[in-house]
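Notes for the one structure printed next.
Numbering (the UniProt record's numbering), first residue to last: 1 to 177.
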């Protein structure tokens, strides 16, 4: 196996990615008092990398909203310009409780979806309001933009599984559970 330059890759224009929208509970939120009931609604086209999640990326230049889904008690954070799209995906009416600038998410933390580790929200321009939720799952070992975020923020790049999807330990040996 050899490394390829991006220019050498041929992309299949017919390829469609599996998209997943997942809610992750916030551990801390600088501007929202009810931490028990607020979640980030994240988006990914690489759901198999969720065990390697190390951050949620937001765009400081976007506007975000806290919304409620119907009569459910929890609140969700999504990019303001994507509320209609998210409402269609969830097949539910979203009620806007408040809106805020993306930079307000600086310092927020959330719980990892599997191990409950507290992880950061990080600013990045690759979080957009053109598709998804405006909040992006970030696994630095599995994506170019994710890797650049890790470099900028000095994150250790974890690759928690081998090519056969066997979990790996810190020593990079296969772990048997």
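A virtual CB, placed ideally from N, CA and C, is assigned to each residue, including glycine.
Taking a contact to require three or more Cβ pairs closer than 8 Å, the segment 88-101 and the segment 57-76 qualify as touching.
By the criterion of at least three beta-carbon pairs nearer than 8 Å, the segment 133-148 is in contact with the segment 42-59. For residue 147, there is no enclosing beta strand (DSSP E); the enclosing alpha helix (DSSP H) has its first and last residue at 144-153.
Collapsing the DSSP output to three states places residue 139 in coil.
A Cβ-Cβ contact shorter than 8 Å links residue 114 with residue 51. Closest in C-alpha terms to residue 82, from the list 129, 19, 149 and 153, comes 129. The alpha-carbon of residue 32 is positioned some 10 Å away from that of residue 26. The bridge partners DSSP lists for residue 31 come to none. Between residue 89 and residue 40, the C-beta gap is not smaller than 8 Å, which leaves the two residues out of contact. Residue 104 carries a helical assignment under DSSP once its states are collapsed to helix, strand and coil.
At the C-beta level, residue 120 and residue 79 stay beyond 8 Å of one another.
The distance from the Cβ of residue 126 to that of residue 152 is about 11 Å, inconsistent with a contact at the 8 Å cut-off.
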